[in-house]
Structures are given as C-alpha cells and as structure tokens.
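Residue numbers (the UniProt record's numbering): 1 to 263. Cβ coordinates follow ideal geometry from the N, Cα and C atoms, glycine included. In what follows, a single structure is set out as structure tokens and then discussed.
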C-alpha cells in the first residue's frame with residue numbers, strides 16, 4: 001500500500017501512527033481509514049511493537065468526515081457508498097481487538113468520526129485545548145465509528161444520547177471528569193506526556209496487558225461487532241438517503257442555517 005495520509009515511526013517498542021493530512025484537518029475518508037487499518041494490522045503483527053500511539057495535528061486530531069467531498073458528491077447527484085461506514089466501524093473494532101495497547105494523543109478538535117476514533121483508544125491523553133464533538137447531527141446523520149456504543153458504556157445511555165443529539169463540544173476538562181480521557185496537559189506537553197505513558201506501558205508485563213484487554217473486551221464489548229453491522233451501518237445508510245442529510249451538507253458548506261423538514 002502507498003501511504004499518502006499517514007506517517008509511521010517506531011522507537012523502543014513504541015509505534016507512532018500520525019494522521020498527516022492537514023489540508024482537510026485529517027478528515028477520515030476511505031483512503032485515510034484504509035491506511036489506518038493497515039498501519040494497525042502491521043503493528044499487531046510486529047514483534048518490535050509493544051505499544052501503539054495514534055495522533056493527529058496540533059489544530060485537530062481529526063475533523064471527522066470530509067464535508068466538501070460529501071457536498072461535491074451531492075451536487076453531482078452521486079449516492080453515497082456505504083464503504084466508508086463499514087471501514088470506520090472496522091477501524092473502531094480493530095482498535096478494541098488489537099493485541100497491543102493503543103494510546104490516542106488528542107490536540108484541538110476531535111469531531112465526528114475523529115471524536116469516536118480518539119475514544120476508541122485504550123488510553124486517551126489530550127491537551128487542554130482538546131474538544132470532542134459528536135458533530136453528525138449537524139448534517140442530519142447518526143454517529144459512526146462506534147460512538148454511541150462506546151459512550152453508552154463509558155458515561156451511560158442518557159448522557160450519550162444528550163451528547164449525540166446536541167452535538168455540543170465537550171471540552172477536555174469535562175471529558176476528564178466523565179472518564180472519557182486518561183489525562184489532560186498543556187498543549188506543549190502533549191507529546192512528552194503521551195510518550196512517557198507509552199514507554200511505561202512498553203516496559204510492563206505485555207502478555208498480562210494483552211489478556212487484561214481481552215478480558216475487558218469480552219466483558220464490555222462482546223456484541224460490538226453485531227452493533228456495528230446491524231445497527232450502525234443500517235441507521236447511517238438510512239440517514240444518508242434523506243433530504244435532511246443533503247440539506248445539512250449543503251448548508252454547512254454554503255455557511256447558512258439548514259432547513260430540515262424531517263424527511
């Protein structure tokens with residue numbers, strides 16, 4: 001595979017996967033999702049990799065979906081493919097099933113699929129300027145990348161519903177208070193604090209870590225695959241075929257308020 005949107009570095013057992021597409025704030029499109037999946041598979045197969053760090057840019061971990069791309073498709077009358085929904089669901093599942101611990105380092109905005117990708121990490125370290133946004137509702141879509149599933153299990157169904165319905169930004173301090181992130185720090189310390197945690201984990205009892213992760217996955221995520229295929233893919237595809245979705249995307253790009261009509 002030719003990698004155009006991600007970078008990779010491994011040192012002292014810590015593999016760092018960097019989303020490196022600043023022109024669209026690391027939007028998670030089909031190509032980005034495929035690259036991330038292949039990077040994770042490589043880490044899982046490598047005996048040199050002990051811990052995985054996933055990070056984005058300073059301004060944004062990831063802005064989520066590429067709205068301009070969606071807008072251009074709508075203007076051309078192209079019906080959205082379900083390929084991306086399947087891929088981001090697979091990405092969320094692989095992060096939980098990976099035999100290596102995954103740390104997500106979040107600076108700036110983590111929106112839409114980007115927010116749920118970040119929350120899929122086993123540990124989340126974020127800077128004080130981080131914001132987690134379930135932005136899907138703004139364009140009349142439902143969350144993907146396992147968002148409602150992850151949130152319901154970490155903060156409860158009612159809070160998860162509120163966060164997804166309102167699409168409001170959740171700042172770093174609130175995310176820490178809710179237990180969504182492991183720690184927060186000044187932006188200039190994010191790299192150092194993340195690597196300190198990664199090195200500590202890399203020096204620990206890795207076989208035990210792998211099996212503890214399997215235990216937690218078995219206890220809390222035993223039906224994750226079913227949810228992604230039977231609930232997330234179905235509801236997302238239904239919403240992507242509506243007037244409100246097309247209106248939401250057009251309004252976002254055209255910088256106006258959307259006129260939803262419930263269809």
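Distance CB(residue i)-CB(residue j) smaller than 8 Å
| i | j | result |
| --- | --- | --- |
| residue 194 | residue 53 | yes |
| residue 176 | residue 163 | no |
| residue 43 | residue 90 | no |
| residue 103 | residue 197 | yes |
| residue 62 | residue 121 | no |
| residue 142 | residue 235 | yes |
| residue 135 | residue 111 | yes |
| residue 125 | residue 118 | no |
| residue 86 | residue 233 | yes |
| residue 138 | residue 260 | no |
Same chain, Cβ closer than 7 Å to residue i, five either side skipped, listed in chain order
| i | result |
| --- | --- |
| residue 20 | 5, 6 and 7 |
| residue 250 | 71 and 74 |
| residue 246 | 74 |
| residue 157 | none |
| residue 216 | none |
CA-to-CA distance, residue j to residue i, given in whole angstroms
| i | j | result |
| --- | --- | --- |
| residue 237 | residue 205 | 42 Å |
| residue 84 | residue 173 | 31 Å |
| residue 59 | residue 107 | 7 Å |
| residue 190 | residue 254 | 35 Å |
| residue 46 | residue 97 | 15 Å |
| residue 76 | residue 3 | 28 Å |
| residue 129 | residue 92 | 24 Å |
| residue 78 | residue 68 | 14 Å |
| residue 186 | residue 64 | 23 Å |
| residue 116 | residue 199 | 25 Å |
| residue 153 | residue 192 | 30 Å |
| residue 105 | residue 208 | 23 Å |
| residue 230 | residue 82 | 13 Å |
| residue 1 | residue 38 | 8 Å |
| residue 212 | residue 184 | 24 Å |
| residue 133 | residue 220 | 23 Å |
| residue 188 | residue 228 | 36 Å |
Residue i, buried or exposed, once every other Cβ within 10 Å from all chains shown has been counted against 16
| i | result |
| --- | --- |
| residue 263 | exposed |
| residue 257 | exposed |
| residue 140 | buried |
| residue 95 | buried |
| residue 218 | exposed |
Contact set for residue i: own chain, Cβ-Cβ below 6 Å, skip 5 residues either direction
| i | result |
| --- | --- |
| residue 15 | 43, 49 and 52 |
| residue 56 | 19, 26 and 62 |
| residue 22 | 57 |
| residue 155 | 178 |
| residue 9 | 16 |
| residue 29 | 66 |
| residue 299 | The chain is shown only over 1 to 263; residue 299 falls outside these bounds and no answer can be derived. |
| residue 131 | 109, 169 and 171 |
| residue 24 | 66 |
| residue 181 | 124, 126 and 175 |
8 Å CB neighbourhood of residue i in its chain, flanking five on each side removed
| i | result |
| --- | --- |
| residue 202 | 12, 13, 14, 50 and 51 |
Residue i beta carbon near the ligand ATP (any heavy atom closer than 7 Å)
| i | result |
| --- | --- |
| residue 73 | Inclusion of the ligand ATP in the displayed structure is not the case, the ligand content being empty and no account of it being possible. |
Next on the checklist: Does the contact criterion of 3 or more C-beta pairs under 8 Å hold for the region 241–250 versus the region 144–160?
Outcome noted: No: the two stretches stay apart, fewer than three of their Cβ pairs being nearer than 8 Å.
Checklist entry - Are at least three pairs of beta-carbons, each pair with one atom in the region 31–39 and one in the region 216–236, less than 8 Å apart? => result Contact annotation: the region 31–39 does not touch the region 216–236, with fewer than three C-beta pairs closer than 8 Å.
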